[in-house]
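S.K.:
Residue numbers (our numbering): 1 to 368.
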């Protein structure tokens, strides 16, 4: 695979997003705790494959739920592409509101429950199914439901536009998890298509989220990495599965109306993603008690506070695969991803292989 397009430089990011924090406050906490280089053992670049299931693994009811949600999110993004030069915000609000009522609300809330209950009745367990369902039910679908709720009272065009990005991401995540859901588009996802990091900044900076009974929260983004995000849509969706898991947890447990996302280079070969949020003393105590004081245990699977305990282990799967590590234990012990609590903040990080195409390097550089 060869990448020939060049990313824009950081100054363009700063000019477009002047409200972003380009300092790396939480990274300063991590520098002394983490390696300065992260070795990539792969001969060829990882493109986001393998952590998937067949659509037929799901029950007939859940297959129906999946197809309904997929058509919905794909239609929203297609509608945006058709109207982005002259948006009809009223149409977008109406489309988004459909997620709050049956049959879409039923599909979103019930997705996966029938498949799991049927297997439990038969005395079967299928961790691959449960891990896949976690990201199908979560991913961008959770914040998309936040925006559908906000759209009832918030007509800010920026928020409606962001909802279309969430819909796009959820469709990609669903194709990443279910390759046979839309085979033709999945094949297109695997084709070379450089993804630029500023798209992540654009999507997440000042992203708003609901907080029960109190003022909405927002995300602050800091980015000092000037390379590419991914080489194709499939790889980008793998990164999204990590970032959405981190962000959904942060949004759920933040003690204040703010969440921080930092993206920065580490050495020549890695990009560090940091998601941080302030936590309550109760959440701090739960973390210490249930992880035995070692927050890396969160990434081994099975620990949860109201979920199913698979989200962070899914992230470990992807990071281990991206760097060619033998298993998630190697990723966790090598600090390729993890979390700490520091001064009342929960700080989680993950690394991904860097992807640079710069003027100093050959424009037809082969990506390995």
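A virtual CB, placed ideally from N, CA and C, is assigned to each residue, including glycine.
Bear in mind that the values here come from a model prediction, so they are computed numbers and not experimental data.
Determine, using beta-carbon pairs with one atom in the stretch 49 to 63 and one in the stretch 173 to 183, whether at least three such pairs fall under 8 angstroms.
M.R.: Yes: the two stretches touch, three or more of their Cβ pairs being nearer than 8 angstroms.
S.K.: Would you mind stating whether residue 253 and residue 209 have Cβ atoms separated by less than 8 angstroms?
M.R.: Translated into the one-based positions of the chain shown, residue 253 becomes position 253. Translated into the one-based positions of the chain shown, residue 209 becomes position 209. For residue 253 and residue 209, no; Cβs fall outside 8 angstroms.
S.K.: What does the alpha-carbon distance come out to for the pair residue 300 and residue 309?
M.R.: Along the chain shown, one-based indexing puts residue 300 at 300. Along the chain shown, one-based indexing puts residue 309 at 309. Roughly 9 angstroms between the two C-alpha positions.
S.K.: Quick one: give me the first and last residue of the alpha helix (DSSP H) that residue 127 is part of.
M.R.: Counting from one through the chain shown, the residue named residue 127 turns up at place 127. Here the alpha helix (DSSP H) through residue 127 covers 127 to 137.
S.K.: Can you have a look at residue 281 and say buried or exposed, based on whether 16 or more other CB atoms are within 10 angstroms of its CB?
M.R.: Position 281 of the chain shown holds residue 281. Answer is exposed; the Cβ neighbour count stays below 16.
S.K.: Is it true that the stretch 165 to 174 meets the stretch 335 to 348, where meeting means three or more beta-carbon pairs spaced less than 8 angstroms apart?
M.R.: No, the stretch 165 to 174 is not in contact with the stretch 335 to 348.
S.K.: Output yes or no for whether 8 angstroms exceeds the beta carbon distance between residue 46 and residue 322.
M.R.: In the chain shown, the residue the question calls residue 46 occupies position 46. In the chain shown, the residue the question calls residue 322 occupies position 322. For residue 46 and residue 322, yes; Cβs fall inside 8 angstroms.
S.K.: Exposed or buried, what is residue 91 when buried is set at 16 or more other beta-carbons lying within 10 Å of its beta-carbon?
M.R.: Taking the first residue of the chain shown as 1, we reach residue 91 at position 91. Exposed.
S.K.: Considering only the beta carbon of each residue, do residue 40 and residue 272 sit closer than 8 angstroms?
M.R.: By 1-based counting over the chain shown, the position of residue 40 is 40. By 1-based counting over the chain shown, the position of residue 272 is 272. It is not a contact, given that the beta carbons lie outside the stated cut-off.
S.K.: For residue 351, which three-state DSSP category applies?
M.R.: Along the chain shown, one-based indexing puts residue 351 at 351. Of the three classes helix, strand and coil, the one that applies to residue 351 here is strand, per DSSP.
S.K.: Could you give the distance in angstroms between the alpha-carbon of residue 199 and the alpha-carbon of residue 122?
M.R.: As a first step, residue 199 is located in the chain shown; it is residue number 199 there, counting from the start. As a first step, residue 122 is located in the chain shown; it is residue number 122 there, counting from the start. If I take the Cα positions, the gap works out to 45 angstroms.
S.K.: Which of helix, strand or coil does DSSP assign to residue 261?
M.R.: Position 261 of the chain shown, counting from 1, holds the residue named residue 261. Residue 261 falls in the strand class under three-state DSSP.
S.K.: Take every Cβ of the stretch 128 to 147, pair it with every Cβ of the stretch 182 to 195, and state whether three or more of those distances are shorter than 8 angstroms.
M.R.: Result no; under three Cβ-Cβ pairs closer than 8 angstroms.
S.K.: Would you please state the rounded distance, in angstroms, between the beta carbons of residue 107 and residue 68? I believe it to be under 8 angstroms.
M.R.: On the chain shown, position 107 is the one that residue 107 refers to. On the chain shown, position 68 is the one that residue 68 refers to. Indeed they touch by this definition, with Cβ atoms about 5 angstroms apart.
S.K.: Taking residue 37 as the reference, which of 270, 339, 289 has the closest Cα?
M.R.: Here residue 37 refers to the residue found at position 37 of the chain shown. When each option's Cα is compared against that of residue 37, the closest is 270.
S.K.: Can you tell me which of 286, 318, 214 puts its alpha carbon nearest to the alpha carbon of residue 303?
M.R.: Position 303 of the chain shown, counted from the first residue, corresponds to residue 303. Of the candidates 286, 318, 214, the one whose C-alpha sits nearest the C-alpha of residue 303 is 286.
S.K.: Please go through the same chain and pick out, in chain order, the residues whose beta-carbon is closer than 7 angstroms to the beta-carbon of residue 180, but skip the five residues on each side of it.
M.R.: Walking along the chain shown from the start, residue 180 turns up at place 180. For residue 180, where only same-chain residues beyond five positions count, the Cβ hits under 7 angstroms are 54, 55.
S.K.: With which residues is residue 338 paired in a DSSP beta bridge?
M.R.: On the chain shown, residue 338 is found 338 positions in, with the first residue counted as 1. Note: residue 338 sits in a beta bridge opposite 349.
S.K.: Is residue 217 helix, strand or coil by DSSP?
M.R.: For the purposes of this step, residue 217 is identified with residue 217 of the chain shown, where counting begins at 1. DSSP places residue 217 in strand when its eight states are reduced to three.
S.K.: Could you pull out every residue in the same chain whose Cβ sits closer than 7 angstroms to the Cβ of residue 171, ignoring the five residues on either side in sequence?
M.R.: The residue labelled residue 171 in the question sits at position 171 within the chain shown. These residues qualify, in order along the chain: 70, 73, 74, 77.
S.K.: Can you tell me whether residue 84 is buried or exposed, with buried defined as 16 or more other CB within 10 angstroms of its CB?
M.R.: On the chain shown, residue 84 is found 84 positions in, with the first residue counted as 1. Residue 84 should be labelled exposed.
S.K.: Have a look at residue 63 and residue 112 and give me their C-alpha separation to the nearest angstrom.
M.R.: Numbered from its first residue, the chain shown carries residue 63 at position 63. Numbered from its first residue, the chain shown carries residue 112 at position 112. Looking at the two C-alpha atoms, the distance is approximately 9 angstroms.
S.K.: Can you tell me whether residue 28 is helix, strand or coil according to DSSP?
M.R.: To locate residue 28, count along the chain shown from 1; it is residue 28. Of the three classes helix, strand and coil, the one that applies to residue 28 here is helix, per DSSP.
S.K.: Going by the DSSP bridge assignment, what does residue 192 pair with across the sheet?
M.R.: Looking up residue 192 in the chain shown gives position 192. The partner list for residue 192 (beta bridge, DSSP) reads 232.
S.K.: According to DSSP, residue 209 sits in a beta bridge with which residue or residues?
M.R.: Residue 209 sits at position 209 when you count from the first residue of the chain shown. Note: residue 209 sits in a beta bridge opposite 217.
S.K.: Kindly indicate the opening and closing residues of the beta strand (DSSP E) around residue 326.
M.R.: As a working note, residue 326 is residue 326 in the chain shown. Note, residue 326: premise wrong, no beta strand (DSSP E); not H, not E.
S.K.: Assign residue 107 to one of three DSSP states: helix, strand, or coil.
M.R.: Taking the first residue of the chain shown as position 1, residue 107 is located at position 107. If DSSP states are grouped into helix, strand and coil, residue 107 belongs with the helices.
S.K.: Could you please give the first and the last residue of the uninterrupted beta strand (DSSP E) stretch that includes residue 270?
M.R.: Walking along the chain shown from the start, residue 270 turns up at place 270. First-last of the beta strand (DSSP E) with residue 270: 270 to 278.
S.K.: From residue 275 to residue 114, what does the alpha carbon distance come to, in whole angstroms?
M.R.: As a position in the chain shown, residue 275 is number 275, starting the count at 1. As a position in the chain shown, residue 114 is number 114, starting the count at 1. Taking the straight line joining both Cα atoms gives about 33 angstroms.
S.K.: Here's the rule I'm using: 16 or more other beta-carbon atoms within 10 Å means buried, otherwise exposed. How should residue 213 be labelled?
M.R.: As a position in the chain shown, residue 213 is number 213, starting the count at 1. That one is exposed.
S.K.: Determine which residues share a DSSP beta bridge with residue 266 and list them.
M.R.: As a first step, residue 266 must be located in the chain shown, where it is residue number 266. According to DSSP, residue 266 bridges with 270.
S.K.: Does residue 231 pass the burial test, meaning 16 or more other C-beta atoms within 10 Å, or should it be called exposed?
M.R.: In the chain shown, the residue the question calls residue 231 occupies position 231. The residue in question, residue 231, is buried, as its Cβ has 16 or more Cβ neighbours within 10 Å.
S.K.: Which stretch, first to last residue, makes up the alpha helix (DSSP H) that contains residue 75?
M.R.: By 1-based counting over the chain shown, the position of residue 75 is 75. Per DSSP, residue 75 belongs to the alpha helix (DSSP H) from 60 to 83.
S.K.: On the DSSP bridge list, what partners appear for residue 223?
M.R.: On the chain shown, position 223 is the one that residue 223 refers to. Bridge partners of residue 223: 263.
S.K.: Can you give the beta carbon distance from residue 110 to residue 44, rounded, assuming they're within the 8 angstroms contact cut?
M.R.: Your numbering for residue 110 matches position 110 in the chain shown. Your numbering for residue 44 matches position 44 in the chain shown. Going by Cβ atoms, the distance from residue 110 to residue 44 rounds to 40 angstroms, so no, they are not a contact pair.
S.K.: Quick one: is residue 86 buried, meaning 16 or more other Cβ sit within 10 Å of its Cβ, or exposed?
M.R.: In the chain shown, counting from the first residue as 1, residue 86 sits at position 86. Burial call: exposed.
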